[in-house]
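Oh and the sequence shown: position 97 is 149 in the working numbering, straight run, nothing missing.
Here the structure comes first, spelled out in structure tokens, and everything after it is commentary.
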Amino acid sequence: MKVKKRNWKKYALEFASIFVAVVSAFALNNWNDHRVNKDSEQKILSEIKNSLQIDVHDFKVNVYGNNKSLKADTMFRGLLKGEDISQDSIAIYYIILFRDYIPIINRSAYESLKANNLKTVTNDSLRIQIIALYDYHYSIIEKLEYEVPEMKSYKNYFARINTLLHPFMEFDQAGNLKKFNGLETLGKDKKKEILSYLWRIKNNRIFKLRKYDQIIAVMKKLEQRIAKELKK
Numbered sequence: 053m054k055v056k057k058r059n060w061k062k063y064a065l066e067f068a069s070i071f072v073a074v075v076s077a078f079a080l081n082n083w084n085d086h087r088v089n090k091d092s093e094q095k096i097l098s099e100i101k102n103s104l105q106i107d108v109h110d111f112k113v114n115v116y117g118n119n120k121s122l123k124a125d126t127m128f129r130g131l132l133k134g135e136d137i138s139q140d141s142i143a144i145y146y147i148i149l150f151r152d153y154i155p156i157i158n159r160s161a162y163e164s165l166k167a168n169n170l171k172t173v174t175n176d177s178l179r180i181q182i183i184a185l186y187d188y189h190y191s192i193i194e195k196l197e198y199e200v201p202e203m204k205s206y207k208n209y210f211a212r213i214n215t216l217l218h219p220f221m222e223f224d225q226a227g228n229l230k231k232f233n234g235l236e237t238l239g240k241d242k243k244k245e246i247l248s249y250l251w252r253i254k255n256n257r258i259f260k261l262r263k264y265d266q267i268i269a270v271m272k273k274l275e276q277r278i279a280k281e282l283k284k
């Protein structure tokens, strides 16, 4: 009887040891999985944060460019009105008057997140913010710059305006545009036609600038949110 009792205690002790070992191994495995998942999340969030910093810089360059183009618009309106406008940089301003600014968006980190699993980002609201930026907000500015025909300044208006202005262009010996002469003789109807094109270009730029400002605000907010998440 004593032998059986000792055997029972022995088996109970062995079972308890095995149970503790299994539970410990399971807990350790879960801890390792959690650590790996957390490391993956931290890595992808860091990459998205870095991409955002690059994209914000690129968007700001486009904002600067569009504002310079609006300055060119003001200059040419002044010339058409007969104002005394310095033409030292007229060739540059004539180029940027029609320039379109294309956003180059770095999507590699987001595409990596989608390929692995969007739920790698465990915070639901943060994950929704990321998806909204890349799949909604970015698509707005891309469609405006790439796809909407009426937003193409050069394609739609350069040839039309250049046809009306080229008789008044003066070039240096190297063939570079030096200045515009005699615009006061340009007919009233032709001036109106040019002003109608400039009006359209200007309104399109102002509309795009509003969108750039809105999206930059979203980008900065997301960048700050990710930075906060990375500190946890």
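Don't be surprised by glycine CBs; every beta carbon is placed ideally from N, CA and C.
Quick caveat: nothing in here was measured; it's all calculated off a predicted structure.
Q | Any non-hydrogen atom of the ligand NAD closer than 7 Å to L97 Cβ | A | Judged by which ligands are present, the structure shown has none, so any question about the ligand NAD falls away.
Q: Mind the definition here: the segment 137-146 touches the segment 225-238 only if three or more C-beta pairs lie below 8 Å; say whether that holds.
A: yes
Q. Mind checking whether Y206 and D136 have CB atoms under 8 Å apart?
A. Taking the sequence shown and counting its residues from 1, the one referred to as residue 206 is at position 154. Taking the sequence shown and counting its residues from 1, the one referred to as residue 136 is at position 84. No; because the gap between Cβ atoms is not below 8 Å, this pair is not in contact.
Q) Is K101 closer than 8 Å to I268 when the C-beta atoms are compared? A) The residue labelled residue 268 in the question sits at position 216 within the sequence shown. The residue labelled residue 101 in the question sits at position 49 within the sequence shown. No, the Cβ-Cβ distance between I268 and K101 is not below 8 Å.
(Q) Taking 8 Å as the threshold (C-beta atoms), are I213 and Y249 in contact? (A) Locating residue 249 in the sequence shown gives position 197, where the first residue counts as 1. Locating residue 213 in the sequence shown gives position 161, where the first residue counts as 1. Contact: yes.
**Q.** Residue burial classification, E163 (beta-carbon count within 10 angstroms, cutoff 16)
**A.** For the purposes of this step, residue 163 is taken as the residue at position 111 of the sequence shown. E163 should be labelled exposed.
Q) What residues match up with E221 in a beta bridge as DSSP calls it? A) Within the sequence shown, residue 221 is the residue found at index 169, counting from 1. The question names Glu, but residue 221 is Met in the sequence shown. According to DSSP, M221 shares a beta bridge with F232.
Q. Quick one: Cα of N208 to Cα of Q266, how far?
A. One-based indexing of the sequence shown puts residue 208 at position 156. One-based indexing of the sequence shown puts residue 266 at position 214. Spanning the two alpha carbons is a distance of roughly 26 Å.
Q: Could you name the residues of the same chain whose beta carbon sits closer than 6 Å to that of L104, not counting the 5 residues immediately before and after it, in chain order?
A: Counted from its first residue, the sequence shown places residue 104 at position 52. Once the five neighbours on either side are set aside, the close Cβ partners of L104 are M271 and E275.
Q: Leaving aside the five residues before and after M221 along the sequence, list all residues of the same chain whose C-beta is less than 7 Å from its C-beta, in chain order.
A: Taking the first residue of the sequence shown as 1, we reach residue 221 at position 169. Result list for M221: L229 and F232, in chain order.
Q. Which class does A184 belong to by DSSP, given the choice of helix, strand or coil?
A. Looking up residue 184 in the sequence shown gives position 132. Helix, per DSSP.
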